[in-house]
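Chemist: Okay, handing you the structure first.
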Amino acid sequence: MGEVSHSAPEGRDLLKRQLGLALRRQKLRALLLVVPLLLFVTATFIYPIGGLLTRSAYAPEFSEGMPRTAAALSEWDRTGLPPESAWEALVLDLQDHNRQGTAGKIAATLNVELPGARSLIIKTARLAPRLTPPYRTSLAAAEDGWKNPVAWAAMKTLANSFTDRFYLAAVDHRIDADGSVVAQPSGRQIYVPLFVRTFAIGGLVTLCCLLLGFPVAYWLSVLPMRYSNLLMIMVLLPFWTSLLVRTTAWIVLLQDRGVINSLLVWTGLIHDEGRLRLIFNSTGTVIAMTHILLPFMILPLYSVMKTVPPTYMRAARSLGANQFTAFVRIYLPQTKAGVAAGCLLVFILSLGYYITPALVGGESGTLISNMIAYHIQKSLNWGLAAALSALLLASVLLLYWAYNRLAQVDGLKLG
């Protein structure tokens, strides 16, 4: 009996160890299955966003390319012109760039902060080998541009590798010659109005998709399966067509001599001289984007509406409610998850659209995504493009958090 009593606890401990080992192996196998997906998400999502945020606040091009000048200007208080040591450092750095043939790179970097500085840097780099001390006198005599404290202030701003100037530029502000943060002149304030326009058009497109998509989704959910499947193919048909083709088709339909205007003139609803401007403006952007994003609203609504039992509406009608009251108080609240999912999906997609506004938007239909693409492809101001993208991402996350709190929709799902 004593041996049995002692062996029972040992057996339980052995069983626990074996069970724990089996659970650990099971968790390890599950983790190994997730590793490829984790690596994929890291490489395609986390790493790019991390690089984006880094690029928006870290710009070492000037401090690494002009190390002596950056170090000398760190002691300058932006009052008047800098001391002789800064002039000497500038000449020595430009002499190095003249020998290496890299003055153009530094000139392009400074030209972003101070338009017109490119030619000043290029000319000074060519003259640098012939300049002699005192450099303040010889450099000022060779190039009048260095007598302007604004040029030195721009270089001092660039001397810091970690900077907020891209974010300031993204909200139409800048650092002036004395180091103060000031607003851009009214004629150069373009990014804040673009953000406002982007969110306004995104909200209008979302509203249009909701008003058009809700009845379609409801109709699909109540039809017999054989008919709803056929109509669902029609809803999904745009996914099988190129986005570029769908966008250019709207140009044919909406232009001044297009199908819609010609039909309105033919029916006598408008005069030939009063053709509607439906393209190359914000109206064309809203119409084209609503058509393109409408399936993204219909699908979440349809999947949620299919889960709503039709007996609820019949029960409400049998208890005395009319059709409208039963719909508003019984049916509509049960579709809240689908409405929230569809609105969020359409709104977020509309904020990042680039091809459609570029083709049909014109000047008044351009969105912030077009400006981001411009700075990446044309002006090569990647820091500003990264700052604009980061602000757009932060705005979307903030709006999602606020909408989730206000709508009190937990766990959005498509079904």
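Counting in the working numbering, the sequence shown runs from 15 upward without gaps. The beta carbon of each residue, even a glycine, is placed where N, CA and C say it ideally should be. Keep in mind it's a predicted model, so treat the numbers as computed, not measured.
(1) Could you tell me the boundaries of the alpha helix (DSSP H) in which Arg188 lies?
(2) Would you grab the beta carbon distance between Leu124 and Ala117 for me? Rounded to a whole angstrom, and I think it's under 8 Å.
(3) With H, G and I counted as helix, E and B as strand and the rest as coil, what does DSSP make of Phe13?
(4) Report the three-state DSSP secondary structure of Val300 (helix, strand or coil).
(5) Applying the 10 Å Cβ sphere with the 16-neighbour rule, what's the burial state of Phe180?
(6) Specify, as a first and last residue, the run of the beta strand (DSSP E) that Ala197 falls within.
(7) Which whole-angstrom value describes the C-beta separation of Val374 and Ile265, a residue pair presumed to lie in contact below a C-beta threshold of 8 Å?
(8) Helix, strand or coil for Phe294, going by three-state DSSP, please let me know.
(9) Counting C-beta neighbours from all protein chains within 10 Å, is the total for Pro50 16 or more, i.e. buried, or is it exposed?
(10) Looking only at its chain, what residues have a beta carbon closer than 7 Å to the beta carbon of Ser393, apart from the 5 residues adjacent to it on each side?
(11) Spatial neighbours of Gly429 within its chain, please: CB distance less than 6 Å, with the 5 preceding and 5 following residues excluded, ordered by chain position.
(12) Answer yes or no: do Leu250 and Ile369 have a C-beta to C-beta separation smaller than 9 Å?
(13) Hey, could you find the ends of the alpha helix (DSSP H) Phe338 is sitting in?
(14) Could you tell me which uninterrupted alpha helix (DSSP H) segments, each at least 4 residues in length, are contained entirely in the stretch 220-301, listed from first to last along the chain?
(15) Give me the Cα-Cα distance between Ala351 and Asp91, rounded to the nearest whole angstrom.
(16) Three or more C-beta pairs under 8 Å: does that hold for the stretch 214-221 against the stretch 348-364?
(17) Around the C-beta of Gln269, are 16 or more other C-beta atoms found within 10 angstroms, so that it is buried, or is it exposed?
(18) Between Ala173, Thr56, Leu53 and Leu67, which has its C-alpha nearest Leu104's C-alpha?
(19) Give me, in chain order, the residues of the same chain whose beta-carbon lies closer than 7 Å to that of Ala139; leave out the 5 immediate sequence neighbours on both sides.
(20) State the CB to CB distance for the pair Ile301 and Leu292, rounded to an integer number of angstroms; the pair is presumed to be in contact (CB under 8 Å).
(21) Using a Cβ-Cβ cutoff of less than 6 Å, which residues in the same chain neighbour Arg150 once the five nearest sequence positions on both sides are dropped?
(22) Let's test the definition: count the other Cβ atoms within 10 Å of the Cβ of Tyr61 and tell me whether it reaches 16, buried, or not, exposed.
Modeler: To lay it out plainly:
(1) Counting along the chain, Arg188 falls outside any alpha helix (DSSP H), though it belongs to the beta strand (DSSP E) covering His187 to Ile189.
(2) So it is not a contact: roughly 10 Å between Cβ atoms.
(3) Because residue 13 is not part of the residues shown, which for the chain are 15 to 429, the question remains open.
(4) helix
(5) Under the 10 Å beta carbon count, Phe180 is surrounded by 16 or more other beta carbons and is classified as buried.
(6) Its beta strand (DSSP E) spans residues Val195 to Ala197.
(7) 6 Å
(8) coil
(9) exposed
(10) none
(11) For Gly429, the pLDDT reaches just 40, beneath the cut-off of 50, and the residue's location in the model is therefore unreliable, leaving the point undetermined.
(12) no
(13) Gln337 to Ala340
(14) As far as the stretch 220-301 is concerned, its whole alpha helix (DSSP H) runs of at least 4 residues are 239-250, 257-268 and 273-281.
(15) For Ala351 and Asp91, the distance between alpha carbons rounds to 57 Å.
(16) yes
(17) buried
(18) Ala173
(19) Leu108, His111, Asn112 and Ala117
(20) 7 Å
(21) Glu98 and Trp101
(22) exposed
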